[in-house]
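Accompanying notes for the structure given below.
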Amino acid sequence: MKHQSALFCMNRSYFTLRLLFGCRSAGDRLKTRSSRSAVLTIAALRLCGIFLAVTIAAVSQVPTPKDVLGFTPGDDRKLASWAQVVDYFKKLDAASDRMIFEEIGKTTMGAPFVYATVSSPENIKNLEKYKGINDKLADPRWELTSSSIPRDRVRRYIADGKTIVLITFGIHSTEVGSTLSSMLIAHRLLSSDEPEIKKILDNTIILLVPSLNPDGVDIVKNWYDKTLGTPYEGTSPPELYHKYVGHDNNRDWYAFTQVETQLTVDKIHNVWHPQIVHDVHQQGANGARLFLPPYMDPVEPNVPKQIVEGYTELGLWMANDLRKKGLQGITTGTTYDAWTPARAYSHYHGGVRILSETASARLATPITVKFEDLRGASGGLDAKKESDKFGPLWKGGEWKLRNITDYMTSAAFSLLTHASDNRERWLSRFYEIGKEAVRPRKEGELEAFVLDPLFSMNQWHLERILKRGGVEISQVGKFEASGREFPNRTKVIRLDQPYGMFAKALLERQKYPDLLDSKGQPIAPYDVTAHSLPLLFGTNLWPVQAPFKFPEVVTEPGFGSGTGAGSAICAGDFDYRIYRSEVSSMDEGWTRWVIKENEHVIRMNLRDRCRVSQGPIRNREIVFGLANTGVNTIIFPDQSPNQILNGYAKGTMPDEYTGGVGKEGVENLKKFVEAGGTLVFLNRSSQFAIEQFNLPVKDVTRGLSRKEFYIPGSILRTELDLSHPIAKGMPQQSIAWFEDSPVFEVVQSASFSSSLRDESRTLNP
């Protein structure tokens, strides 16, 4: 039972107990009985000389994590399985009227994807009301279209609304303190009667996602338990902790490729429109103990100024609050930037992203960090020296999982306190962001993007991404713009809409600033520099400046569009394998995912007469030999030559996970090619082929300093030789994603061909 109240009285001779079920307050109790019964009860109690009313509230029945898990999250060498985490949240839901817990879908590997809504019981009963208020503040176009709405409507919404706070845990599964902390935070919110907690529950609605990658919770726990008590305790598992993308799942917030991202965006972000998103992470063990915003420069130019003000205010306030509470080693304004939307969906949807990064241990195993081993990071951080961006100093010593969960929970409650105490400020800022987004564009400002009227599957994918991000795409009548004529039913993306800046960030070409340090060396971005979807998808679009009025669509008897299909060569069966090293590679996972998503295209292009089969190929299969396997193509994903050749060194992992293809495997790969097989090497793995097969090719960037050559993640234009088989069916101009990649030069005397006609040149330097 969730709610029960008791009135009891005791004297020397008797004990009276009355249970009244379903009551939510002392004032409700006697309403469930007749007035006569109430009078008799009160009279009896007065005869005792004692009048004692006690509420046996839901909080007294809320189970602790230890009650369910058998240990307290943060205990050394203890991790929870995903089933245990879900079970604990279910038990919390059953015990408290402060929570609603729900499954909203299945993960990549079929696990339940869940989240909890936490607030006061009164707020929980009125969630739809608060969703409605937030919807109005997120999209203030109703102000522009209804002159009859009183001017004080916005003030009422802000006065009545609640700060919506989304806290996401465990996207990176080796950062084990995150998901464990979700249970500690939930327990305190549901069990505590502290005034601070009651105020938080009254003023906020908290959305807790215990893990953004539930599959990885078990992958990491199973590996940790398997190696516990061995020399390999605390190592990372020899597989990706997300089936396809591993650590890159936190780079998916603008492409929405993975089901976990899609569920979070579709059923949480776009439903609730949170003002604050707290993304709970861990970082390396030898730097600061905790990072909080503001972020270092550069900030992506389409991030609203109110977002920058918001995360700066909140991050600095949290850092100051936590320092007052005795936490050490806190840095702000260093290490992490706010350039790419790939990590920050909320920045383009009205909410600040508060990234917290707590120093790691060896999974759940304690470590000792010497002071002299502490190191710095980008943005001026020196973990051995206090500054305006770092302090107070942490002098080193033991660092364990309990430290991690203490920092994470302290940071979360600091954030929630600010969100509660400044509720109207957060809602006002949220409204101002929406109001600025939907305003009519001024002369000379960008009014809209016009999409290519010619249908293509790539443009369909681009539109699907934008729509998932809340971007509105409309059809208009025939018009002229940018020196072109566009037909009736051309699609346009206006920027005077709530998420127009999200569209602009993804559709325009990025110009990353040329940042240099005092020695003239490039300052590396935290991540990549480019995210232009039209370039990545190979689609056209045209900008239109304000003022411009698009005509209405003209109704026609019928219309249609299509594109011709290219041809492809089919030379028998297509039986391919993707090399999977024991040293896990994110590119291996991505390659599998891309092929899976496009398998229908592969089969269509290879026609029905071709048998298509695929799967992984491991070191041992290559070492044993490839003759008579039926494999005719092996793809080597982006991986260092040493990892392919040698793998994990002996003594660093259990024996069955050590070693690479070795010299014997290299000889077998040579025989495979000589027998007619095909090897495909992507990015860094190309150097393995050059070195091991003595290819007449060299990487002209090897040995160059960053000052001489540096492309850390940009989109390059390529000119293709369409007579080459690899380029068959491609447009003559295409793109290449370049991320610290090799640049090849064919040795002059060699007989060699390339599908690239000319050198690439950078579109997004």
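Residue 28 is where the sequence shown starts when you use the working numbering, and the numbers rise one by one after that.
Ideal Cβ placement from N, Cα and C applies to all residues, glycine included.
Residue range of the beta strand (DSSP E) that Ala763 falls in?
-> Here the beta strand (DSSP E) through Ala763 covers Gln760 to Phe765.
Residue range of the alpha helix (DSSP H) that Thr432 falls in?
-> Segment Leu428 to Asp448, the alpha helix (DSSP H) holding Thr432.
Host beta strand (DSSP E) of Met136 (start-end) = Here Met136 belongs to no beta strand (DSSP E), and DSSP marks it neither H nor E.
In this structure, does DSSP put Ser594 in helix, strand or coil?
-> The predicted model places Ser594 with a pLDDT of 46, which falls under 50 and marks its position as unreliable; any figure quoted below should be read in that light. Residue state, collapsed to three classes: coil.
Separation of Pro574 from Leu235, as counted between CA atoms = CA-to-CA, the gap between Leu235 and Pro574 works out to about 44 Å.
In chain order, what residues of the same chain have a beta carbon less than 8 Å from the beta carbon of Val707, not counting five sequence neighbours either side?
-> Cβ within range, chain order: Thr660, Ile661, Ile662 and Phe663.
First and last residue of the beta strand (DSSP E) that includes Phe506?
-> That run of the beta strand (DSSP E) goes Phe506 to Ala508.
Please list, in chain order, all residues of the same chain as Trp617 whose beta carbon is under 8 Å from its beta carbon, the five residues on each side excluded.
-> Contacts found: Tyr271, Val272, Asp275 and Pro664.
Taking contact to mean at least 3 C-beta pairs separated by less than 8 Å, is the segment 104-113 in contact with the segment 239-248?
-> Using a Cβ-Cβ distance cut-off of 8 Å, the segment 104-113 and the segment 239-248 are in contact, since at least three pairs of beta carbons, one from each stretch, lie closer than that value.
Residues that Met126 bridges to, as DSSP identifies them | Within the DSSP bridge table, the entry for Met126 names Val145 as partners.
Going by Cα to Cα distance, which pick from Lys697, Ala410, Gly565 and Asp614 is closest to Glu266?
-> Ranking the options by Cα distance to Glu266, first place goes to Asp614.
What whole-angstrom Cβ distance do Gly101 and Arg429 have, given they're in contact under 8 Å?
-> At roughly 4 Å, the Cβ-Cβ gap stays under 8 Å, so Gly101 and Arg429 are in contact.
Pick helix, strand or coil for Ser795, following the three-state DSSP scheme.
-> No answer is possible for residue 795: it lies beyond the span of the chain, which begins at 28 and ends at 792.
So what does His308 bridge to, in DSSP terms?
-> Per DSSP, Glu384.
Compare the Cα-Cα distances from Val774 to each of Asp279, Asp726 and Leu255 and report the closest residue.
-> If we check each option's Cα against that of Val774, Asp726 comes out closest.
What are the start and end residues of each continuous beta strand (DSSP E) run of 3 or more residues lying completely inside the segment 216-276, in chain order?
-> As far as the segment 216-276 is concerned, its whole beta strand (DSSP E) runs of at least 3 residues are 231-236.
Under the three-state DSSP convention, the category Leu79 falls into = Any reading at Leu79 is ruled out, since the residue's pLDDT is 35, under 50, leaving its predicted position unreliable.
Taking buried to mean at least 16 other C-beta atoms within 10 Å of its own C-beta, is Glu451 buried or exposed?
-> Glu451 is exposed by the Cβ-count criterion.
What beta strand (DSSP E) runs, 3 residues minimum, are completely inside the segment 612-693?
-> You should have 639-644 and 660-663.
Going by CA-CA distance only, name the one from Pro570, Val503, Ser509 and Phe482 that's closest to Leu522.
-> Here the closest residue by C-alpha is Pro570.
Would you decide whether Thr144 is buried or exposed? Buried here means 16 or more other CB atoms lie within 10 Å of its CB.
-> Label assigned to Thr144: buried.
Under the rule that 16 or more other beta-carbon atoms within 10 Å means buried, what is Arg402, buried or exposed?
-> That one is exposed.
Inter-residue spacing [alpha-carbon to alpha-carbon] between Asp120 and Lys494 = Straight-line spacing of the CA atoms in Asp120 and Lys494 works out to 33 Å.
Roughly how many angstroms separate the alpha carbons of Val86 and Ile194, rounded to a whole number?
-> Any answer about Val86 is weak, because its pLDDT of 49 lies below 50 and its placement is not dependable; what the coordinates show is given next. Cα to Cα, the separation comes out at about 22 Å.
Could you pull out every residue in the same chain whose Cβ sits closer than 7 Å to the Cβ of Lys118, ignoring the five residues on either side in sequence?
-> Excluding sequence positions up to five before and after Lys118, its CB lies within less than 7 Å of the CB of Pro90 and Val95, all in the same chain and listed in chain order.
Touch test, the segment 511-530 against the segment 338-358, Cβ-Cβ under 8 Å, three pairs minimum = With the cut-off at 8 Å, the segment 511-530 and the segment 338-358 do not touch.
Proximity to Glu499 [Cα-Cα], best of Glu691, Trp487, Asp602 and Ala530 | Distances from the alpha-carbon of Glu499 to those of Glu691, Trp487, Asp602 and Ala530 put Ala530 closest.
Helix, strand or coil at Gln502 [DSSP, three-state] | If DSSP states are grouped into helix, strand and coil, Gln502 belongs with the strands.
Apart from the five residues on each side of it in sequence, which residues of its chain come closer than 6 Å, Cβ to Cβ, to Leu478?
-> Only Lys518 and Leu568 meet the Cβ criterion.
Shortest alpha-carbon distance to Thr361 belongs to which of Phe771, Ala369 and Gly342?
-> Closest by alpha carbon: Gly342.
Would you check if there are 3 or more beta carbon pairs closer than 8 Å linking the segment 409-423 to the segment 387-399?
-> Contact between the segment 409-423 and the segment 387-399 is present, because at least three Cβ pairs lie under 8 Å.
Span of the beta strand (DSSP E) holding Ala475?
-> It spans Leu473 to Leu478 - the beta strand (DSSP E) in which Ala475 sits, taken as one unbroken run.
Residue nearest to Tyr184 in terms of C-alpha spacing, selected from Asp324, Gln355, Arg536 and Trp453 | When each option's Cα is compared against that of Tyr184, the closest is Trp453.
May I ask which residues mark the beginning and end of the beta strand (DSSP E) holding Phe601?
-> Boundaries of the beta strand (DSSP E) harbouring Phe601: Phe601 to Tyr606, taken from the DSSP string.
DSSP three-state call for Phe318: helix, strand or coil?
-> Reduced to three states, the DSSP call for Phe318 is strand.
To the nearest angstrom, how far is it from the Cα of Asn625 to the Cα of Phe482?
-> Spanning the two alpha carbons is a distance of roughly 18 Å.
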